[in-house]
Amino acid sequence: MLARTRQTRMRLLQCIDAALFALALAGAYALRAALTGVIDRSPLEPFSEYLWLFPAIALSGPFVLARLRFYAEPLPPLHVRRLATVARASLLTGLALVLLLFITREQSARSVIVMASAFGGALVWLRDELTARLAATRLAREQWTQRVLWVGEPGQNARFRAALTPVERARFADLGDFDPAARSAADFAALLHEHAANAVVVNLAGATAGQLARLQPLLDICGREGVSLVIRPGFLPGSPLGLQIDTLASEAVIHYRVQTASPASLLVKRIADLAAAAVLLLVLSPLFALIAAAIAVTSRGPVIFRQQRAGLNGRAFTLFKFRSMRAGAERERDALDAQNEMRGPVFKIAGDPRLTPLGRFLRRHGLDELPQLWNVLRGEMSLVGPRPLPLYEVGRFDNDAHRRRLSVRPGLTCLWQVSGRNDIADFDEWVRLDLAYIDNWSLFLDAKILLATIPVVLLGKGGR
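Its first residue numbered 3, the sequence shown is counted upward by one per residue in my numbering.
What follows is the structure, given as structure tokens:
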């Protein structure tokens, strides 16, 4: 994991822990107030006199944890050292607040401070255990692990790998070496496609002038297809991708990001995706049940249609939809190729004879796509992003630059969706809209697309 990404993750965890310590203070006050009559203590001061302590505990708790290197070295769940670190942080936080009360001569109850520090430590420990267990799941490893291809002389690559820290090594799925002196650019592109590589580490250590010249086609391929580049310095390629200086294995590297958006903004996007998907799945569950029942009653076959689609960097995932066609419709597609109305590798026809009457209505209003909220929750899709295409259509791309639309998570809706959907008959125009979204992405643009999707779905504009 690059240093900048680690810092973003650490800041997020510190913000969460700050909120937990503040919550612990509120809980401690409420408990102490409830026990006033039981333990024969004098009544507490009004809650308003404790408000100034909330920012104090919210800042001091994560600060002490950071000083104890709690965020620097993630450990497995139920690790004794993690528990000991949290206990020390809770004790030191409580002592710091008691000292602050003494300096300011405030009369706040010491028992509230002690309980708040203990409760805060317990909440942080529970949060850390949950985070560690989620990070250890297979799905989390698949979503967060970087699938890395190492470009350079194999001996130099081995020495670079050996310098990686355990945390960095845990975040990389090693796809092996690619020696540009011994293999062609076509072999390189095939490896990227075969392994759905997230990133390419170009190691320039020991490279000769001739070897540097052979690297340019590889860098061009990464630029066209939207694969992140991490370059060990020594050569600065021309590239349209976003340039960042970062560190890897305690050494400066040049990172060409697929997007110019900051990691913090992308993290906010991901959190918003998860929260919205969870809420929508809950709120729309009666509609899900109604649609499922209608499909089961009106046609034979499974309610949910599953299909392999190309996700981030072309990695295959199972997309879920409400079935809108008769059973076995996939086997009939080849016979309908001559009626394809789209120019390019994708397949779209008006009045598709395979659609059921109910399916035609679901398609027009986008209701068949609702189960993809589960794909969003799993981390395979986003609410907004280029629509995921079937693997066989991606395999028919005749322009490698089209693969750059795979450089971000696919989405439930996108610029194409709100700009005409199937009324756009040229795949090049579809790709142009997707690349415009990628190059100009912002949280505000996502919000605009989501709002624009509502009338498109209600009116069925461009739906087939």
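Note that CB positions come from ideal geometry on N, CA and C, so glycine has one too.
E253 in three-state terms, based on DSSP:
strand
On the CB-based measure, 16 or more other CB atoms within 10 Å of its CB, does N159 come out buried or exposed?
buried
Excluding five sequence neighbours on each side, which residues of the same chain lie with their C-beta closer than 7 Å to the C-beta of A69?
In the sequence on display, residue 69 carries Arg and not Ala. Closer than 7 Å at the Cβ level, and outside the excluded window around R69, lies no residue.
For P347, does the three-state DSSP call read helix, strand or coil?
In the structure shown, the three-state DSSP call for P347 is coil.
Could you please give the first and the last residue of the uninterrupted beta strand (DSSP E) stretch that includes W432?
Annotation: W432 is outside any beta strand (DSSP E); the continuous alpha helix (DSSP H) that includes it extends over 429-441.
Checking 9 Å against the spacing of the C-beta atoms, do G387 and G346 come in under that value?
No; because the gap between Cβ atoms is not below 9 Å, this pair is not in contact.
Considering only C-alpha positions, which residue in the set D428, I440, G381, S421 is nearest to R407?
I440
Taking only beta-carbon positions, decide if A160 is within less than 9 Å of chain B.
Although the question refers to chain B, the structure presented lacks it and comprises just one protein chain.
Cβ-Cβ separation, W127 to L85 (assumed contact under 8 Å), whole Å
6 Å
If Q310 and T320 are in contact, beta carbons under 8 Å, what's the gap, nearest whole angstrom?
Rounded to whole angstroms, the Cβ separation of Q310 and T320 is 6 Å, and the two are in contact under 8 Å.
In whole angstroms, give me the CA-to-CA distance for S326 and E343.
20 Å
Whole angstroms are fine: how far does the CA of I351 sit from the CA of R434?
Each residue's alpha carbon lies about 21 Å from the other.
Buried/exposed call for G236, threshold 16 Cβ in 10 Å
The predicted model places G236 with a pLDDT of 49, which falls under 50 and marks its position as unreliable, so this point remains unresolved.
F319 lies in the alpha helix (DSSP H); which residues open and close that run?
Here F319 belongs to no alpha helix (DSSP H); instead the beta strand (DSSP E) covers 318-324.
Using the Cα positions of L166 and Y52, report the straight-line distance between them to the nearest angstrom.
46 Å
Which runs of the alpha helix (DSSP H) at least 4 residues long sit entirely within the region 175-250? Give them in chain order.
Fully contained in the region 175-250 are the following alpha helix (DSSP H) runs of length 4 or more, in chain order: 187-197, 211-227.
Exposed or buried, which one is V88 when buried takes at least 16 other CB atoms within 10 Å?
buried
Name the DSSP beta bridge partners of A26, please?
Looking at the DSSP assignment, A26 forms no beta bridge with any residue, so it has no partner.
For the putative contact between R405 and G228, defined by C-beta atoms under 8 Å, what is the C-beta separation to the nearest angstrom?
7 Å
R135, buried or exposed, once every other Cβ within 10 Å from all chains shown has been counted against 16
exposed
Since T1 and L46 are thought to touch, with beta carbons under 8 Å apart, how far apart are those beta carbons, to the nearest angstrom?
Nothing about residue 1 can be read from this structure; the chain reaches only from 3 to 466.
Using C-beta distances below 7 Å, list every residue in its chain close to E334, excluding the 5 sequence neighbours before and after it, in chain order.
Within the same chain, and ignoring the five residues on either side of E334 in sequence, the residues whose Cβ sits closer than 7 Å to its Cβ are R356.
Could you check the C-alpha separation between A124 and G397 for me, to the nearest Å?
51 Å
Contact set for A21: own chain, Cβ-Cβ below 8 Å, skip 5 residues either direction
A60
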